[in-house]
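Visitor: For reference, the structure I am asking about is given below.
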Amino acid sequence: MEPEHIAPPPRPRMHKGAFAVATLVTGLVVALIIVGSRGLRDFDSALIGYAVASLFAIAVLLYRYVLWILRPPTGRYFRAGWSSFFSWQNFRRFTTLVPRALWTDIFAQTFILKRSLYRWVMHMSLFWGVLLSLFVTIPLTFGWLHFTLEGVDTYRIWFFGLPLFTFPVEAGIGFAFFHALDITAFLLMVGVVMALWRRLRDSGLLATQRFGFDMVPLVLLAAIAITGLALTASSMWWGGRFYWFISLTHQVTVVAWFLTLPFGKFFHIIQRPASIGVTLYQKVNQDRERGEQQTVGVCKRCGEELPSQQFIRDLRAVLQDLDQNYDLGAHDNLHEYCPRCKRVLRGQAYYAMMKKRFV
Numbered sequence: 018m019e020p021e022h023i024a025p026p027p028r029p030r031m032h033k034g035a036f037a038v039a040t041l042v043t044g045l046v047v048a049l050i051i052v053g054s055r056g057l058r059d060f061d062s063a064l065i066g067y068a069v070a071s072l073f074a075i076a077v078l079l080y081r082y083v084l085w086i087l088r089p090p091t092g093r094y095f096r097a098g099w100s101s102f103f104s105w106q107n108f109r110r111f112t113t114l115v116p117r118a119l120w121t122d123i124f125a126q127t128f129i130l131k132r133s134l135y136r137w138v139m140h141m142s143l144f145w146g147v148l149l150s151l152f153v154t155i156p157l158t159f160g161w162l163h164f165t166l167e168g169v170d171t172y173r174i175w176f177f178g179l180p181l182f183t184f185p186v187e188a189g190i191g192f193a194f195f196h197a198l199d200i201t202a203f204l205l206m207v208g209v210v211m212a213l214w215r216r217l218r219d220s221g222l223l224a225t226q227r228f229g230f231d232m233v234p235l236v237l238l239a240a241i242a243i244t245g246l247a248l249t250a251s252s253m254w255w256g257g258r259f260y261w262f263i264s265l266t267h268q269v270t271v272v273a274w275f276l277t278l279p280f281g282k283f284f285h286i287i288q289r290p291a292s293i294g295v296t297l298y299q300k301v302n303q304d305r306e307r308g309e310q311q312t313v314g315v316c317k318r319c320g321e322e323l324p325s326q327q328f329i330r331d332l333r334a335v336l337q338d339l340d341q342n343y344d345l346g347a348h349d350n351l352h353e354y355c356p357r358c359k360r361v362l363r364g365q366a367y368y369a370m371m372k373k374r375f376v
C-alpha cells in the first residue's frame with residue numbers, strides 16, 4: 018500500500034513561474050499603494066512596519082500558492098475546475114452551485130457544523146475575526162482609506178483619494194468605524210480561547226499537534242487581540258499611558274503573524290477557495306455521466322459511490338505524473354476505494370505489520 022517512489026520535488030521552472038507571479042503581483046500592489054495614497058501623501062509613515070510585513074506576506078503567499086497549483090494533482094483539478102466554471106452548458110445547469118458552495122464551504126462553513134456546534138462557532142469566530150480585521154487594516158495601512166475632520170464633530174471618509182461621505186463622530190456609524198478593530202478583536206478572542214481550550218484538553222490533538230505549527234499562530238492572534246484592545250483602553254481610560262509601548266508590542270506581534278502566515282496553519286485560508294472548483298468539478302462530472310447513462314464507480318469495499326469515472330481517470334493520471342504506484346495486487350488498486358475505506362485499509366495494513374505493538 019505504500020508508494021514505490023517518493024513524489025518528485027517541484028521542477029525549477031515551477032519555482033521560476035511562481036517567483037514571476039509573486040513579483041508581478043507584489044509590484045502591482047506597490048503601484049496601487051502609490052496611486053491609492055495619492056503619491057504617498059495619505060500614507061502614514063508610522064504604519065510602514067505593517068505595510069512591509071503585508072507586502073512580504075502577499076509575495077510569499079502568492080509564491081507558495083502558485084507553486085501549489087502548479088503541482089500535478091492540484092494543477093490538474095485547478096484546470097478542470099476552471100474549465101467547468103467557464104462552460105456555458107454548466108452555467109445553465111448549475112447556476113446556483115457556486116453561490117451555494119461559497120456559502121457552505123467559505124462564508125458559513127456549514128460542513129464544520131455537521132461535526133460539532135463547538136467547532137463551528139470556534140472556526141466562525143477565527144475566520145471572521147481575521148478576515149474582518151484584514152478588511153479594515155489593509156486599506157488603512159496602504160493609505161487607501163483615511164478620515165479627515167470637517168467641522169467640529171463630522172468626519173469625511175476617503176478611499177483611493179476620492180471623497181465618499183461624511184458622518185458624525187458620535188453617531189452609530191462613527192462608533193462602528195472607529196471601534197471596528199475592537200469588535201473584531203473580541204470576536205477573535207472568542208475563537209482563540211475556544212481553540213486553545215480544545216487543543217489543551219483533546220487527547221487526540223495533544224498527541225498529534227505541533228507547537229510551532231498549531232499553537233504559535235493562536236498565541237500570536239491572542240497577543241494581537243489583547244494589545245489591540247489595550248490600545249483602545251490606553252487612549253480612552255488610561256490617559257494615553259503606556260500607549261507607545263503597547264503600540265510597539267502590537268506592531269511586533271502583527272508583523273510576526275504576517276511573517277508566519279505563508280508558512281503556518283493559516284495558509285489553508287488561501288487554499289480553501291479552491292475547494293469550490295473541486296465541488297463544481299465533481300458535481301458536473303457525476304451529473305454528466307449519469308445523463309450519458311455511464312456506470313458511476315463504487316467503492317470496492319463498502320459500495321459507496323465514487324465521485325465519477327472522470328475523477329478516477331484523473332487520479333490515475335496524477336499518480337502516473339508523480340511516478341507512484343498504489344497497486345494492492347490481484348487486480349486491486351487503492352484508488353478504487355472511498356476515502357474512509359482507504360483509511361481503514363491503511364490501518365489494517367499497519368496493524369498486520371505491528372501486531373501487538375499496534376496498541
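In the numbering used here, the protein residues as written are 18 to 376. Backbone N, C-alpha and C define an ideal beta-carbon position, used for all residues, glycine too. Everything numeric in this text was worked out from a predicted model, so none of it was measured.
Less than 8 Å between the CB atoms is what I'm expecting for G208 and L143, so what's the real figure, rounded?
Guide: G208 to L143, Cβ: 4 Å. Contact.
Visitor: Between the segment 241 to 250 and the segment 220 to 228, do at least 3 Cβ pairs fall closer than 8 Å?
Guide: No: the two stretches stay apart, fewer than three of their Cβ pairs being nearer than 8 Å.
Visitor: Spatial neighbours of V38 within its chain, please: C-beta separation below 8 Å, excluding the five flanking residues on both sides.
Guide: Only L79, Y80, V83 meet the Cβ criterion.
Visitor: Can you name the start and end residues of the beta strand (DSSP E) that P180 belongs to?
Guide: 179 to 185 is the span of the beta strand (DSSP E), which, as asked, contains P180.
Visitor: So, using beta-carbon positions, are M211 and V138 closer together than 9 Å?
Guide: Yes. Within cutoff.
Visitor: What's the gap between the Cα of L323 and the Cα of S100?
Guide: One C-alpha to the other measures close to 21 Å.
Visitor: Under 7 Å Cβ to Cβ from M31, same chain only, skipping five residues before and after it: list those, please.
Guide: L84, L87.
Visitor: Which residues bound the alpha helix (DSSP H) around H285?
Guide: Where H285 is concerned, the enclosing alpha helix (DSSP H) stretches over 285 to 288.
Visitor: Straight-line CA distance for D199 to H267?
Guide: So the two alpha carbons sit approximately 13 Å from each other.
Visitor: Looking only at C-alpha atoms, which of F159, L265, L222 sits nearest to A240?
Guide: Nearest option by C-alpha distance: L265.
Visitor: Tell me the rounded alpha-carbon separation between K282 and P356.
Guide: Spanning the two alpha carbons is a distance of roughly 23 Å.
Visitor: Any contact between the segment 50 to 68 and the segment 88 to 96? By contact I mean 3 or more CB pairs, one from each, below 8 Å.
Guide: Too few Cβ pairs lie closer than 8 Å, so no.
Visitor: Answer yes if the segment 172 to 189 comes into contact with the segment 116 to 134, meaning at least three C-beta pairs across the two stretches below 8 Å, and no otherwise.
Guide: Not touching, per the Cβ criterion.
Visitor: Looking only at its own chain, which residues have a Cβ that is under 8 Å from the Cβ of A74, when we skip the five neighbours before and after it?
Guide: So the qualifying residues of the chain are F275, L276, L278, P279.
Visitor: Using three-state DSSP, classify R173 as helix, strand or coil.
Guide: It is a strand residue.
Visitor: Would you identify the three-state DSSP class for E19, choosing helix, strand or coil?
Guide: Confidence is the limiting factor: at E19 the pLDDT is only 42, short of 50, which leaves the residue's position unreliable, though a coordinate-based value still follows. Reduced to three states, the DSSP call for E19 is coil.
Visitor: Take the Cβ of M371 as the centre, count every other Cβ of all protein chains shown within 10 Å, and call the residue buried at 16 or more, exposed below.
Guide: Label assigned to M371: exposed.
Visitor: Is it right to say L222 is buried, meaning 16 or more other beta carbons lie within 10 angstroms of its own, or is it exposed?
Guide: Exposed: under 16 other Cβ atoms inside 10 Å.
Visitor: Within a Cβ cutoff of 6 Å, which residues of the same chain sit near P156, ignoring the five residues on either side of it in sequence?
Guide: Within the same chain, P156 has close Cβ partners L162.
Visitor: Please classify G160 as buried or exposed, where buried requires at least 16 other C-beta atoms within 10 Å of its C-beta.
Guide: When all chains shown are included, G160 counts as buried.
Visitor: Can you list, in chain order, the residues of its chain with a C-beta nearer than 7 Å to that of P20? Leave out the 5 residues immediately preceding and following it.
Guide: Confidence at P20 is low in this model, with a pLDDT of 43, below 50, so the placement of that residue should be treated as unreliable; the coordinate-derived value is given next. Same-chain partners within the cutoff: Q341, N342, Y343.
Visitor: Which partner residues does T249 have in the DSSP bridge list?
Guide: Partner(s): none; T249 has no beta bridge.
Visitor: Once you ignore the five residues that flank L213 on each side, which residues in its own chain have a CB closer than 7 Å to its CB?
Guide: Contacts found: L235.
Visitor: Would you identify the three-state DSSP class for A24, choosing helix, strand or coil?
Guide: Its pLDDT being 48, under 50, A24 is placed unreliably by the model, and the measurement read from it follows with that caveat. Reduced to three states, the DSSP call for A24 is coil.
Visitor: Under the rule that 16 or more other beta-carbon atoms within 10 Å means buried, what is V271, buried or exposed?
Guide: Label assigned to V271: buried.
Visitor: Run through DSSP, which three-state label would H352 get?
Guide: Helix, per DSSP.
Visitor: Check for me: the alpha helix (DSSP H) holding H163 runs from which residue to which?
Guide: Premise fails: H163 lies in the beta strand (DSSP E), 162 to 167, not in any alpha helix (DSSP H).
Visitor: Taking the alpha carbon of Y67 as the reference point, which residue from L130, D170, V269, F152 has its own alpha carbon closest?
Guide: Of the listed residues, the one whose Cα sits closest to Y67 is V269.
Visitor: Going by beta carbon distance, what residues of the same chain come within less than 6 Å of E321, once the five residues before and after it are set aside?
Guide: Counting only Cβ-Cβ distances below 6 Å, and skipping sequence neighbours, we find C355.
Visitor: Among the residues of its own chain, which have a CB less than 7 Å from the CB of F36, if the five just before and after it don't count?
Guide: Within the same chain, F36 has close Cβ partners Y80.
Visitor: When you compare the CB positions of G146 and L217, do they come within less than 9 Å of one another, or not?
Guide: It is not a contact, given that the beta carbons lie outside the stated cut-off.
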